[in-house]
């Protein structure tokens, strides 16, 4: 009886019997583990299947390639910025919105964000676009709304607020990309109190 090839051995390896959402979450966990340990460039459908203790056919039934799989995995971790409750108090609301972004960047230990920003950003930029479209851009819009309510109206106010709304998210992104493992609560508070609140008339 002939020996099986390496590909056959991988596909035929014992798997854990899981289905539906349980298997989907196990695959996503494996995706993040692989991103942390090997990076996006070396991540493969086969390596994720092995880490998730499932067959690679289970992955290909759900996604055509690793980009689609990683995109869905990250999307599953992103909270909804529109779900952040606003109170009408400028400092409280700015802190809540920046804390939302803090959660986005800290999720998956922040390492995933660093990996996709450095590796994928140089290739297609799809992951940066995903994070921006689903989290950063909507959060900036809500920050601008909070600032608009706190400042004295003027003819060029919208242009000023659009720029000011960039400050907090840009500082959080920079902090993440400098290699820090996570964004601490104190840093969020400093951005609000030392930078944003001094630029408002709240």
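In the UniProt record's numbering, the protein residues as written are 1 to 202.
Every residue, glycine too, gets a C-beta built ideally from N, C-alpha and C.
- Rounded to whole angstroms, residue 136 and residue 191 show a C-alpha spacing of 16 Å.
- Note on residue 146: 16 or more other CB atoms within 10 angstroms of its CB, so buried under the neighbour-count rule.
- Non-local beta-carbon contacts of residue 76 in its own chain, meaning distances under 7 Å to residues more than five positions away in sequence, involve 28 in chain order.
- Taking 8 Å as the cut-off, the Cβ atoms of residue 169 and residue 101 count as close.
- Judged by DSSP in its simplified three-state form, residue 81 adopts helix.
- In terms of Cβ geometry, residue 175 and residue 187 form a close pair [threshold 8 Å].
- From the listed residues 134, 165, 138, the smallest Cα separation to residue 149 is found for 165.
- The stretch 64-84 makes contact with the stretch 26-41: 3 or more CB pairs, one atom from each, lie closer than 8 Å.
- Membership of residue 189 in the alpha helix (DSSP H) is indicated by the continuous run 185-190.
- For the options 163, 43, 78, the alpha carbon positioned closest to that of residue 67 is the one of 43.
- Here DSSP, grouped into helix, strand and coil, assigns residue 71 to helix.
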